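Residue numbers (full-length UniProt numbering), protein chains in the order written: chain E, 1 to 313; chain U, 1 to 313.
All C-beta atoms, glycine included, are put in the ideal place defined by N, C-alpha and C.
Here the structure is a predicted model, which means the values were calculated and not measured.
Note sheet for the following structure.
There are 2 protein chains.
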Amino acid sequence: MKIAIAGAGAMGSRLGIMLHQGGNDVTLIDQWPAHIEAIRKNGLIADFNGEEVVANLPIFSPEEIDHQNEQVDLIIALTKAQQLDAMFKAIQPMITEKTYVLCLLNGLGHEDVLEKYVPKENILVGITMWTAGLEGPGRVKLLGDGEIELENIDPSGKKFALEVVDVFQKAGLNPSYSSNVRYSIWRKACVNGTLNGLCTILDCNIAEFGALPVSESLVKTLISEFAAVAEKEAIYLDQAEVYTHIVQTYDPNGIGLHYPSMYQDLIKNHRLTEIDYINGAVWRKGQKYNVATPFCAMLTQLVHGKEELLGAK
Amino acid sequence: MKIAIAGAGAMGSRLGIMLHQGGNDVTLIDQWPAHIEAIRKNGLIADFNGEEVVANLPIFSPEEIDHQNEQVDLIIALTKAQQLDAMFKAIQPMITEKTYVLCLLNGLGHEDVLEKYVPKENILVGITMWTAGLEGPGRVKLLGDGEIELENIDPSGKKFALEVVDVFQKAGLNPSYSSNVRYSIWRKACVNGTLNGLCTILDCNIAEFGALPVSESLVKTLISEFAAVAEKEAIYLDQAEVYTHIVQTYDPNGIGLHYPSMYQDLIKNHRLTEIDYINGAVWRKGQKYNVATPFCAMLTQLVHGKEELLGAK
Numbered sequence: 001m002k003i004a005i006a007g008a009g010a011m012g013s014r015l016g017i018m019l020h021q022g023g024n025d026v027t028l029i030d031q032w033p034a035h036i037e038a039i040r041k042n043g044l045i046a047d048f049n050g051e052e053v054v055a056n057l058p059i060f061s062p063e064e065i066d067h068q069n070e071q072v073d074l075i076i077a078l079t080k081a082q083q084l085d086a087m088f089k090a091i092q093p094m095i096t097e098k099t100y101v102l103c104l105l106n107g108l109g110h111e112d113v114l115e116k117y118v119p120k121e122n123i124l125v126g127i128t129m130w131t132a133g134l135e136g137p138g139r140v141k142l143l144g145d146g147e148i149e150l151e152n153i154d155p156s157g158k159k160f161a162l163e164v165v166d167v168f169q170k171a172g173l174n175p176s177y178s179s180n181v182r183y184s185i186w187r188k189a190c191v192n193g194t195l196n197g198l199c200t201i202l203d204c205n206i207a208e209f210g211a212l213p214v215s216e217s218l219v220k221t222l223i224s225e226f227a228a229v230a231e232k233e234a235i236y237l238d239q240a241e242v243y244t245h246i247v248q249t250y251d252p253n254g255i256g257l258h259y260p261s262m263y264q265d266l267i268k269n270h271r272l273t274e275i276d277y278i279n280g281a282v283w284r285k286g287q288k289y290n291v292a293t294p295f296c297a298m299l300t301q302l303v304h305g306k307e308e309l310l311g312a313k
Numbered sequence: 001m002k003i004a005i006a007g008a009g010a011m012g013s014r015l016g017i018m019l020h021q022g023g024n025d026v027t028l029i030d031q032w033p034a035h036i037e038a039i040r041k042n043g044l045i046a047d048f049n050g051e052e053v054v055a056n057l058p059i060f061s062p063e064e065i066d067h068q069n070e071q072v073d074l075i076i077a078l079t080k081a082q083q084l085d086a087m088f089k090a091i092q093p094m095i096t097e098k099t100y101v102l103c104l105l106n107g108l109g110h111e112d113v114l115e116k117y118v119p120k121e122n123i124l125v126g127i128t129m130w131t132a133g134l135e136g137p138g139r140v141k142l143l144g145d146g147e148i149e150l151e152n153i154d155p156s157g158k159k160f161a162l163e164v165v166d167v168f169q170k171a172g173l174n175p176s177y178s179s180n181v182r183y184s185i186w187r188k189a190c191v192n193g194t195l196n197g198l199c200t201i202l203d204c205n206i207a208e209f210g211a212l213p214v215s216e217s218l219v220k221t222l223i224s225e226f227a228a229v230a231e232k233e234a235i236y237l238d239q240a241e242v243y244t245h246i247v248q249t250y251d252p253n254g255i256g257l258h259y260p261s262m263y264q265d266l267i268k269n270h271r272l273t274e275i276d277y278i279n280g281a282v283w284r285k286g287q288k289y290n291v292a293t294p295f296c297a298m299l300t301q302l303v304h305g306k307e308e309l310l311g312a313k
């Protein structure tokens with residue numbers, strides 16, 4: 001399959017390498033000049049479970065994409081949420097009516113952005129439990145195992161979605177076709193929509209947050225807002241199960257001692273966050289559906305306030 | 001007039017000294033042993049607009065109050081909000097059916113506590129614009145001018161309230177009898193209920209907070225919750241005027257560069273805050289009146305979370 005990875009950060013690089021190893025024709029697209037330069041010079045270098053792997057993959061900046069680039073069968077979207085729109089605006093020349101897009105971004109509401117550039121019939125959505133770390137320009141660290149769940153959002157996309165599952169299977173990505181991937185996306189958004197914003201605003205790690213007497217009420221109220229909005233999209237979250245799932249992350253012997261990615265982005269690295277695509281998306285959708293989401297609204301605004309105060313870029 | 005000051009911190013000491021200078025018989029009650037010891041040894045020492053003043057006032061701990069203490073005409077409540085209940089429980093022996101109490105605490109809901117110990121007819125409420133600083137045990141700094149507004153909460157208390165105004169007038173406290181002091185209390189609570197919690201959670205001063213693009217929405221939403229609850233108590237806040245009043249505090253040439261008292265209590269000194277008597281009180285009252293106050297609920301819980309994380313006492 002001819003595949004382009006739109007957003008070749010840590011996770012995009014993992015998929016690029018594994019799909020390349022699986023015999024596919026992979027092109028990377030990324031906007032970071034040093035990353036492009038390093039990959040063009042040395043290839044994409046990975047510490048792949050302790051073994052060095054070098055993949056010589058073509059890489060372009062979004063601006064370099066024009067009608068002369070070869071068309072691809074599938075574009076896998078793995079940008080930062082706030083860069084998705086600009087990326088797809090720039091790579092429009094490579095999108096034909098035959099091009100499918102698989103969106104693997106965390107968060108909510110990305111279909112609304114993609115539908116501006118891609119017919120709904122050609123959009124697949126998914127969720128990945130793989131991990132990946134970017135070590136520097138052209139270098140990633142890929143440890144452990146994971147899986148990918150994916151689904152077409154329009155019934156007509158199912159045939160292609162199953163082809164993608166097949167291709168991912170051969171690449172060792174442990175894919176599964178889901179008949180309800182949007183449930184999994186909302187469930188994962190609940191985890192990010194509680195721990196990310198709250199640990200960032202309270203300046204604590206996941207275990208410290210979980211130990212607070214107020215954590216239960218804050219988390220349950222936020223989940224209830226996600227559930228009320230999800231219901232308007234015909235997704236019926238099991239709130240008690242989601243809460244239990246979140247409580248499991250508090251374990252200091254698991255990921256409890258970690259600081260969520262938003263904390264690392266904002267508090268450590270003074271980068272803008274993805275809050276508008278998690279709690280902010282629930283808030284926007286809530287306004288559209290006339291569902292009150294005050295905790296999401298307040299948390300979104302507090303995180304934006306913190307971004308300003310820290311001069312995040 | 002025979003007056004006891006229940007809570008002889010900075011503001012209680014100011015009132016004690018000024019009322020003593022005004023010819024009244026003043027007794028202090030406070031729970032800080034070092035403060036009691038210093039005042040018993042050296043008197044209460046004030047830097048009073050640059051001049052040293054020493055007032056030899058009797059001081060007791062709440063536990064020392066018994067039936068042998070002389071009865072007083074007026075008890076002025078000036079404890080920390082969270083200490084009010086314990087204070088009045090301890091000093092019950094000095095409260096007769098003739099004893100009036102004037103509550104000058106910031107925040108909301110203190111009448112509910114006082115009514116456990118004092119008949120409603122004997123409760124006065126007020127608000128002060130005087131300032132005062134505690135410099136150490138037995139030492140306060142009293143600069144500038146201020147005023148006090150006060151009112152009986154039951155019609156039958158008006159006669160005594162006017163006597164108190166007279167006594168305060170002679171002591172230079174610039175009192176005024178108000179026919180709507182509860183409006184002023186709610187208006188002041190809006191200032192504390194926005195700047196205190198938000199600057200504490202966002203870790204910024206008042207001017208920095210005011211400069212944030214999100215400040216307008218956060219402040220207006222919180223004011224709207226205060227207003228909705230106040231309305232249930234027949235107090236009709238002018239939300240636009242309150243917002244303008246808060247915006248004026250952002251001025252760096254005014255108090256903008258200050259950190260609110262809650263910030264100083266919690267972030268600097270790791271002390272428990274009065275959030276339960278500001279946003280927390282609006283939240284509790286909202287539950288009682290069936291009025292949604294989610295921003296107050298979330299802010300209260302975030303501040304309690306921060307208290308836990310900082311080991312506040």
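Closest Cβ-Cβ distance between Leu302(E) and chain U: below 8 Å?
Start at 1 with the first residue of the first sequence, and residue 302(E) comes out as number 302. So yes, Leu302(E) belongs to the interface.
Taking the alpha-carbon positions, what's the Phe209(E) to Gln287(E) distance?
Along the first sequence, one-based indexing puts residue 209(E) at 209. Along the first sequence, one-based indexing puts residue 287(E) at 287. Rounded to the nearest angstrom, the two C-alpha atoms are 29 Å apart.
For Gly109(E), does the three-state DSSP call read helix, strand or coil?
What you label residue 109(E) is simply residue 109 of the first sequence in a count that begins at 1. Collapsing the DSSP output to three states places Gly109(E) in coil.
Cα-Cα, which of Leu222(E), His270(E), Asp251(E), Asp112(E) is closest to Asn192(E)?
As a position in the first sequence, residue 192(E) is number 192, starting the count at 1. The alpha carbon of Asn192(E) has as its nearest neighbour, out of Leu222(E), His270(E), Asp251(E), Asp112(E), the alpha carbon of Leu222(E).
Rounded to whole angstroms, what is the Cα-Cα separation between Pro137(E) and Asn290(U)?
What you label residue 137(E) is simply residue 137 of the first sequence in a count that begins at 1. What you label residue 290(U) is simply residue 290 of the second sequence in a count that begins at 1. When rounded, the separation of the alpha-carbon atoms in Pro137(E) and Asn290(U) is 56 Å.
Strictly below 7 Å CB to CB, what residues from chain U border Lys306(E)?
Here residue 306(E) corresponds to residue number 306 of the first sequence, with the count starting at 1. Within 7 Å Cβ-Cβ: Leu202.
Ile201(E) beta carbon less than 8 Å from that of Leu302(U):
As a first step, residue 302(U) must be located in the second sequence, where it is residue number 302. As a first step, residue 201(E) must be located in the first sequence, where it is residue number 201. The answer is yes: Cβ separation under 8 Å.
Given that Ser217(U) touches chain E, what residues does it touch there, using C-beta distances under 7 Å?
Locating residue 217(U) in the second sequence gives position 217, counting from the first residue. Near Ser217(U) (Cβ distances below 7 Å), the residues of chain E are Gln301.
Under 8 Å by beta carbon: chain U residues contacting Phe226(E)
Reading the first sequence from its first residue, position 226 is the one you call residue 226(E). Chain-order list of chain U residues neighbouring Phe226(E): empty, with the shortest C-beta distance near 15 Å, by a criterion of under 8 Å.
Residue environment, Gln264(E), which counts as buried when at least 16 other CB atoms sit within 10 Å:
In the first sequence, counting from the first residue as 1, residue 264(E) sits at position 264. So Gln264(E) counts as exposed.
Which of the three DSSP states, helix, strand or coil, is assigned to Arg139(U)?
Walking along the second sequence from the start, residue 139(U) turns up at place 139. Here Arg139(U) sits in strand by DSSP.
I want to verify the contact list: residues of chain U whose CB lies under 7 Å from the CB of Phe160(E), in sequence order.
Mapped onto the first sequence, residue 160(E) falls at position 160. Neighbours of Phe160(E) on chain U: none; closest Cβ ~42 Å, over 7 Å.
Examine the ligand ZN and report whether any of its heavy atoms sits within less than 7 Å of the Cβ of Glu163(E).
No copy of the ligand ZN appears in this structure; indeed no ligand is present at all.
Quick check: the stretch 166-177 of chain U against the stretch 14-30 of chain U, are there 3 or more CB pairs under 8 Å?
Enough Cβ pairs lie closer than 8 Å, so yes.
Alpha carbon to alpha carbon, how far is Ile185(E) from Leu162(E)?
Here residue 185(E) corresponds to residue number 185 of the first sequence, with the count starting at 1. Here residue 162(E) corresponds to residue number 162 of the first sequence, with the count starting at 1. C-alpha separation (whole angstroms): 19 Å.
Range covered by the beta strand (DSSP E) that runs through Glu151(U):
Looking up residue 151(U) in the second sequence gives position 151. Counted as a single uninterrupted DSSP element, the beta strand (DSSP E) harbouring Glu151(U) occupies residues 148-152.
In three-state terms, what does DSSP make of Lys159(E)?
In the first sequence, the residue the question calls residue 159(E) occupies position 159. DSSP, read as helix, strand or coil, puts Lys159(E) in helix.
DSSP-derived helix/strand/coil call for Lys116(E):
If you number the first sequence from 1, residue 116(E) lands on position 116. Note: Lys116(E) maps to coil in three-state DSSP.
Can you give me the C-alpha to C-alpha distance between Ala189(E) and Lys220(E), rounded to a whole angstrom?
Against the first sequence, residue 189(E) aligns to sequence position 189. Against the first sequence, residue 220(E) aligns to sequence position 220. Here the alpha carbons of Lys220(E) and Ala189(E) stand approximately 14 Å from one another.
From the DSSP output, in three-state form, read off Pro175(E) for me.
By 1-based counting over the first sequence, the position of residue 175(E) is 175. Note: Pro175(E) maps to strand in three-state DSSP.
Please tell me whether Leu309(E) has its Cβ less than 8 Å away from any Cβ of chain U.
Within the first sequence, residue 309(E) is the residue found at index 309, counting from 1. Leu309(E) counts as touching chain U.
How many Å lie between Asn196(U) and His245(E) at the Cα?
Position 196 of the second sequence, counted from the start, is the residue given in the question as residue 196(U). Position 245 of the first sequence, counted from the start, is the residue given in the question as residue 245(E). Rounded to whole angstroms, Asn196(U) to His245(E) spans 34 Å at the Cα level.
In chain order, what residues of the same chain lie with their CB nearer than 8 Å to the CB of Ile91(U), ignoring the 5 residues before and after it?
Within the second sequence, numbered from 1, the residue matching residue 91(U) stands at position 91. Residues of the same chain with a CB within less than 8 Å of the CB of Ile91(U), apart from the 5 flanking positions on each side, are Ala4, Ala6, Ile29, Pro62, Ile65, Ile75 in chain order.
How is the beta strand (DSSP E) around Tyr259(U) delimited, first residue to last?
Numbered from 1 along the second sequence, position 259 holds the residue referred to as residue 259(U). Where Tyr259(U) is concerned, there is no enclosing beta strand (DSSP E), given that its DSSP letter is neither H nor E.
For Ala90(U), which of helix, strand or coil comes out of DSSP?
By one-based count along the second sequence, residue 90(U) stands at place 90. Residue state, collapsed to three classes: helix.
For the alpha helix (DSSP H) holding Ile36(U), just list the boundary residues, first then last.
For this step, residue 36(U) is matched to residue 36 along the second sequence. Here the alpha helix (DSSP H) through Ile36(U) covers 33-42.
Ignore the nearest five residues each way along the sequence and tell me which others in Glu135(E)'s own chain have a CB closer than 6 Å to its CB.
Position 135 of the first sequence, counted from the start, is the residue given in the question as residue 135(E). Only Lys141 meet the Cβ criterion.
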